[in-house]
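Student:
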Amino acid sequence: MAAQTLYDKLWNAHLVSTREDGTALIYIDRHLLHEVTSPQAFEGLRLAGRQPWRIDANIATVDHNVSTLSEERSAGISGIADDVSRIQVQALDDNTLGLGIETFGINDIRQGIVHVIGPEQGATLPGMTVVCGDSHTATHGAFGALAHGIGTSEVEHVLATQCLIQRKMKNMQIRVEGELGPHVTAKDIILAIIGRIGTAGGTGYAVEFAGSAIESLSMEGRMTICNMAIEGGARVGLVAVDQTTIDYIGNRPFAPTGEQWEAAVESWRQLVSDQEAQFDQVITLDAAAIEPQVSWGTSPEMVTGVSGRVPDPQSFTDETAQRGAVRALEYMGLSAGQRMTDIRLDRIFIGSCTNARIEDLRAAAKIVDGRRVAATIKQAMVVPGSGLVKRQAEEEGLDAIFKRAGFEWREAGCSMCLAMNADKLGAGEHCASTSNRNFEGRQGYGGRTHLVSPAMAAAAAVAGHFVDVREFVETPVQAAQA
Amino acid sequence: MQRFIRHQGVAAPLDRANVDTDLIIPKQFLKSIKRTGFGPNLFDELRYQDEGYPGRDNSKRPINPEFVLNQPRYENASILLARRNFGCGSSREHAPWALTDFGFRVIIAPSFADIFFNNAFKNGLLLITLDEETVEQLFREVEATPGYQLDIDLTAQQIHRPAGESIGFEVDPFRKYCLENGLDDIGITLDENSEAIRDFEARHRAANPWLFRDEAANQV
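Taken in sequence, the protein lines are chains A and B. Heads up: the first sequence is residues 105 to 586, going by the numbering used here. Heads up: the second sequence is residues 2 to 221, going by the numbering used here.
1) Which value, in whole angstroms, describes the spacing of the CA atoms of residue 234 (chain A) and residue 244 (chain A)?
2) Alpha carbon to alpha carbon, how far is residue 327 (chain A) from residue 180 (chain B)? Give it in angstroms, no decimals.
3) What would DSSP say about residue 234 (chain A), mapped onto helix, strand or coil?
4) Rounding to the nearest angstrom, what Cα-Cα distance links residue 416 (chain A) and residue 432 (chain A) in this structure?
5) For residue 402 (chain A) and residue 542 (chain A), which I take to be in contact (beta-carbon distance under 8 Å), what is that distance rounded to the nearest angstrom?
6) Where does the unbroken beta strand (DSSP E) through residue 458 (chain A) begin, and where does it stop?
7) Quick test of the definition: if touching needs 3 or more C-beta pairs under 8 Å, does the stretch 147-158 of chain A touch the stretch 256-273 of chain A?
8) Kindly confirm or deny that the stretch 196-206 of chain A and the stretch 528-546 of chain A touch, where touching means at least three C-beta pairs closer than 8 Å.
9) Run down chain A in chain order and give the residues with a C-beta less than 7 Å from the C-beta of residue 214 (chain B).
10) For residue 46 (chain B), return the contacting residues in chain A, with the cut-off set at a CB-CB distance below 9 Å.
11) Which of the three DSSP states is assigned to residue 343 (chain A) in this structure?
12) Distance, Cα to Cα, residue 425 (chain A) vs residue 132 (chain B)?
13) Taking DSSP as the reference, what is the three-state secondary structure of residue 171 (chain B)?
14) When the Cα of residue 264 (chain A) is compared with those of A:131, A:223, A:580 and A:272, which residue comes out closest?
15) Just how far apart, CA to CA, sit residue 49 (chain A) and residue 461 (chain A)?
16) Is it the case that the Cβ atoms of residue 155 (chain B) and residue 162 (chain B) are separated by a distance below 9 Å?
17) Does the beta-carbon of residue 110 (chain B), which I'm using as the reference point, lie nearer than 8 Å to any heavy atom of the ligand MN?
18) So, for residue 124 (chain B): in the same chain, excluding its five sequence neighbours on each side, which residues have a beta-carbon less than 6 Å away from its beta-carbon?
19) State the DSSP-derived secondary structure class of residue 8 (chain B), mapped to helix, strand or coil.
20) Using 8 Å as the threshold, is the stretch 522-530 of chain A in touch with the stretch 26-37 of chain B, meaning 3 or more CB pairs across them?
21) In the DSSP assignment, the beta strand (DSSP E) including residue 162 (chain A) goes from what residue to what residue?
22) Can you give me, in chain order, the residues of the stretch 161-174 of chain B that have a beta carbon less than 9 Å from any beta carbon in chain A?
23) Kindly indicate if chain A contains any beta-carbon less than 9 Å away from that of residue 61 (chain B).
24) Out of B:128, B:194, B:135 and B:88, which has the shortest C-alpha to C-alpha gap to residue 121 (chain A)?
25) Can you grab the Cα-Cα spacing for the pair residue 377 (chain A) / residue 108 (chain A), in whole Å?
26) List the residues of chain B whose Cβ lies closer than 9 Å to the Cβ of residue 133 (chain A), in chain order.
27) Can you name the residues of chain B whose CB is closer than 7 Å to the CB of residue 192 (chain A)?
28) Does the contact criterion of 3 or more C-beta pairs under 8 Å hold for the stretch 560-574 of chain A versus the stretch 279-289 of chain A?
29) Between residue 68 (chain B) and chain A, is any beta-carbon pair separated by less than 9 Å?
30) Looking only at C-alpha atoms, which of B:84, B:79 and B:61 sits nearest to residue 20 (chain B)?
31) Taking 9 Å as the CB-CB cut-off, is residue 520 (chain A) touching chain B?
32) Is the Cβ of residue 106 (chain B) closer than 9 Å to any Cβ of chain A?
33) Can you pull the chain B residues whose beta carbon is under 9 Å from the beta carbon of residue 169 (chain A), in chain order?
34) Examine chain B for any beta-carbon lying closer than 9 Å to the beta-carbon of residue 332 (chain A), and answer yes or no.
35) Pop quiz: residue 314 (chain A) and residue 293 (chain A) are said to be a contact at Cβ under 8 Å. What is the actual Cβ separation, rounded to whole angstroms?
36) 9 Å is my cut-off, CB to CB: does residue 190 (chain B) come that close to chain A?
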């Protein structure tokens, strides 16, 4: 058999049928559901008189719309202040519980951002196909699973048929070789990649991230990278299975045990691209050359190193890009040539499906430990990715570090990443955010988002403006700040 | 799904690359549990000069006169001319729901984001990908000619212009078949493939029992 990429193997292992025109039906192993993109799908099923094909493939939770305030959360669904949100959260329970779908409800300790809880529960396994009505489903590709976001019609299609109509994508490999510098993280790698390939660079491709820098990352770091594949246009991000993957999965609630575990691990070890496999495109980055990244514009590709400056729109090659940059600078209230470290901040958000796992919170806590959030910062918040991440962080004392520094410590949810709940930016406010999108209005009407790593967000919180975290950690914790 | 065979209508130019789905329909409108009613808030942050929210009376809001869809000459536009990477960002199907609810039947651009592309076709919205040069030519013609209309013939895969040669376009045969017949693809999948899915599932289960929770439960 011809050499295959990891994507080829996953595709072939799930192919049910193919039409003459290349349209294929692929089987879906895991379907994750949340409150925002599923109600119309369940309604569609009911109207057509259809039943879900396979209940045990589905897992549901509420994340986008829930409050992150402990008081509001303690009263459960009935405590949700916003009427429209409450109806939507209730609708998920009504739709899933009646059908017997496993649901991590609003006050379940296992509740959390759908892309955090899947892996956390071992519900995302290597070799699976994983879909969810959310573009950041690419996250699960970190496990050598074929995972991508789908729309609501496709959610309904998966519920009804356990399959998805797809065309095979092209193969891209992005190799990151060498060693990362200190305090340079997975977030900086993926932002640097998007800065290089652009927001549509991966359109039509399944992107496998490889190379020694990727192999050295923890599962949390790999998830951060795959999570933002979609920001580079690729629906699918992948990392090959290795011992790090297998060690992460062992003993998680949904993971196989006993003989099945042995058989599964043997099978998972095949989930790597063959030596001779051909990619349609290969891009290589030098890990050592990546510095901490900060986005300056309204698209994730508008990003630069922290030592850089806001670019001159005239420096872009074509007219459409130049106009885009002019509009972005106007929206962001920045001028060409401004140093990134001169951007003053109003709010700090540490959270989201990109960066709300335990490792992210540890990295941020390490920076703020013994320091204080600058007086000019209106709000700094930490929103753990799940109830279990929150509990783990509290066991490690991270919540105390954050609270002492002046951060708010919240309940799990998507929160200010997309501002569907009450957590949002005011017009004109600049935010250092560990989330994934800096689109206009994304974090609140007129809000200005700068995408960074948790360590960079934490350092910016203390300084009140962006700073190079590599230099920041060298400065002593000042007694005056206490 | 509404059938699409041929459509003639006013074209409106949205001269901006990387139009994301947050821009098409902001998140506060995603709390709805319906598929309809998103049209009045399509491009909300571009159309109005203040912040919209569900249930607000849009007729009392200040309009942004600069925005293309607020200009009288593009009133009743049903064909949107756009720039590259249209529909990037989130997977929200509310984006095509808002576009169709507003009255759009066709979008023409040099490229579209993958998830948006799939979502659009499921809702009877025809997306046509043309090279940058041809799109640029259409932008020039639309802007120069008030009342400029295009006639989109899906069957023949041709765009007829008021003047000049027609432009051919590609469309995936299966998507074309679904559009022309207004077909729900779930029905097609179940009719044509139920048996194949069951067969696949049985083999898949035998080879990878850990993917099926009832198998795992049996083992423990």
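Glycine is no exception: its CB is placed at the ideal position from the N, C-alpha and C atoms. Owing to the predicted nature of the structure, the values given are computational and were not obtained by experimental measurement.
Tutor: The short version:
1) Rounded to whole angstroms, residue 234 (chain A) to residue 244 (chain A) spans 7 Å at the Cα level.
2) Taking the Cα positions, residue 180 (chain B) is about 37 Å away from residue 327 (chain A).
3) Strand.
4) In a straight line, the C-alpha of residue 416 (chain A) is about 11 Å away from that of residue 432 (chain A).
5) Their Cβ separation, rounded to whole angstroms, is 6 Å, which keeps residue 402 (chain A) and residue 542 (chain A) in contact under 8 Å.
6) Residue 458 (chain A) -> no beta strand (DSSP E), and no H or E assigned at all.
7) Yes: at least three Cβ pairs fall under 8 Å.
8) Contact fails: fewer than three Cβ-Cβ distances are below 8 Å.
9) Under the 7 Å cutoff, chain A gives 160.
10) For residue 46 (chain B), the chain A residues whose Cβ falls inside 9 Å of its Cβ are 544, 545, 549 and 550, in order along the chain.
11) Reduced to three states, the DSSP call for residue 343 (chain A) is coil.
12) Per the coordinates, the alpha-carbon of residue 425 (chain A) lies some 17 Å from the alpha-carbon of residue 132 (chain B).
13) For residue 171 (chain B), the three-state secondary structure derived from DSSP is coil.
14) Nearest neighbour of residue 264 (chain A) by Cα position, chosen from A:131, A:223, A:580 and A:272, turns out to be A:131.
15) With chain A running from 105 to 586 in the structure shown, residue 49 (chain A) is simply not present.
16) Against a cut-off of 9 Å, the Cβ pair of residue 162 (chain B) and residue 155 (chain B) comes out as no contact.
17) Among the components of this structure there are no ligands whatsoever, and the ligand MN is therefore not found.
18) Closer than 6 Å at the Cβ level, and outside the excluded window around residue 124 (chain B), lie 97 and 101.
19) Residue state, collapsed to three classes: strand.
20) Two segments are said to touch when three or more pairs of C-beta atoms, one from each, lie closer than 8 Å; by this definition the stretch 522-530 of chain A touches the stretch 26-37 of chain B.
21) Per DSSP, the continuous beta strand (DSSP E) segment holding residue 162 (chain A) begins and ends at 162-165.
22) Under the 9 Å Cβ criterion, the stretch 161-174 of chain B contributes 173 and 174.
23) Not closer than 9 Å to any Cβ of chain A, the Cβ of residue 61 (chain B) fails to qualify, so no.
24) The candidate whose alpha carbon is nearest that of residue 121 (chain A) is B:194.
25) Distance between the alpha carbons of residue 377 (chain A) and residue 108 (chain A): 6 Å.
26) Here the neighbours are 205, 209, 212 and 213.
27) Simply 32 and 34.
28) Per the Cβ contact rule, the stretch 560-574 of chain A is in contact with the stretch 279-289 of chain A (3 or more Cβ pairs under 8 Å).
29) Judged by the 9 Å Cβ criterion, residue 68 (chain B) is not in contact with chain A.
30) Nearest option by C-alpha distance: B:84.
31) No, residue 520 (chain A) lies away from the interface with chain B (no Cβ there is under 9 Å from its Cβ).
32) False, the Cβ-Cβ gap to chain A never drops below 9 Å.
33) For residue 169 (chain A), the chain B residues whose C-beta falls within less than 9 Å of its own C-beta are 31 and 32, listed in chain order.
34) Nearest CB-CB separation between residue 332 (chain A) and chain B: not below the 9 Å threshold.
35) About 12 Å; that fails the 8 Å criterion.
36) Closer than 9 Å to some Cβ of chain A, the Cβ of residue 190 (chain B) qualifies, so yes.
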